[in-house]
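Letter 139 of the sequence shown, counting from 1, is numbered 1271 in this note's numbering, and no numbers are missing. Notes follow once the structure below has been shown.
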Amino acid sequence: MKKVLAALGATLLLAACDTCCEDKAATGGFDINGEATPGSAAEFHQVIGDTVQFGFDKSSLTHEAQTALHKQADWLKKWPQTNVVVEGHCDIRGTTEYNMALGERRAHEVKKFLVGQGIEEKRVETVSYGKEHPVVQGTTEADHAKNRRGVTVLR
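Here you go:
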């Protein structure tokens, strides 16, 4: 009887291990040690970086943004089955219409850079959220700066 229970316990343990971490969605993109799983959204966000910042009323890419986008492009080349949506965001200053257009220009600049690095255009979509989805609620210049961004989201 003990042998049967031991065998049953071992089988259940192996079955649990087999399903534990193969499904990235079930683990949130992390392995059992809390490390980001290669190819996951968690790895892209935490290790590569999914956000670039823009200057006030600007859609041009800074040197820092280009450096970050080089890392994104290298990662996307490694994972060619992954497509992305680039979100363009703005701070709260300006009209809704103006910020929607500015957010679109920002998203387009990120897409143009990624495509220029060899990422297929069909893998990169863009969307503008203007000032509608701030990452920080506040009115200081530091708050505004954090909201002027492009975010590359895996899909």
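Yeah, the Cβ is synthetic: ideal placement off N, Cα and C, and Gly gets one too.
Under the three-state DSSP convention, the category residue i falls into
{"i": "Gln1178", "result": "helix"}
{"i": "Cys1153", "result": "The pLDDT assigned to Cys1153 is 39, lower than 50, so where the model puts this residue is not dependable, and the model offers no usable value."}
{"i": "Glu1257", "result": "strand"}
{"i": "Val1283", "result": "strand"}
{"i": "Gly1250", "result": "coil"}
{"i": "Asp1275", "result": "helix"}
Beta-carbon proximity check, residue i vs residue j, cutoff 8 Å
{"i": "Glu1219", "j": "Ala1239", "result": "yes"}
{"i": "Arg1280", "j": "Phe1188", "result": "yes"}
{"i": "Ser1191", "j": "Glu1273", "result": "no"}
Which listed residue (the options) has its alpha carbon closest to that of residue i
{"i": "Phe1245", "options": "Gly1282, Gly1270, Lys1263", "result": "Gly1282"}
{"i": "Thr1271", "options": "Gln1204, Gln1249, Val1285, Asp1223", "result": "Asp1223"}
{"i": "Asp1182", "options": "Gly1166, His1202, His1195, Ile1164", "result": "His1202"}
{"i": "Thr1227", "options": "Glu1264, Val1184, Gly1166", "result": "Glu1264"}
{"i": "Val1285", "options": "Leu1193, Arg1237, Leu1208", "result": "Leu1208"}
Own chain, CB closer than 6 Å to residue i, minus 5 neighbours either side, in chain order
{"i": "Lys1278", "result": "Val1267, Val1268"}
{"i": "Gln1249", "result": "Ala1205"}
{"i": "His1276", "result": "Asp1223"}
{"i": "Asn1215", "result": "Arg1255, Arg1287"}
Contacting residues, own chain, Cβ-Cβ under 7 Å from residue i (five flanking each side not counted)
{"i": "Gly1235", "result": "Gly1220, His1221, Cys1222, Ser1260, Tyr1261, Gly1262"}
{"i": "Ala1168", "result": "Gly1161, Phe1162, Ala1174, Glu1175, Gln1178, Val1179"}
Same chain, Cβ closer than 8 Å to residue i, neighbours up to 5 away in sequence not counted
{"i": "Gln1198", "result": "Phe1245"}
{"i": "Trp1211", "result": "Gly1171"}
{"i": "Glu1196", "result": "Val1184, Gln1185"}
Contiguous alpha helix (DSSP H) assignments of at least 4 residues, all confined to the segment 1161-1239
Listed in chain order, they are 1195-1210.
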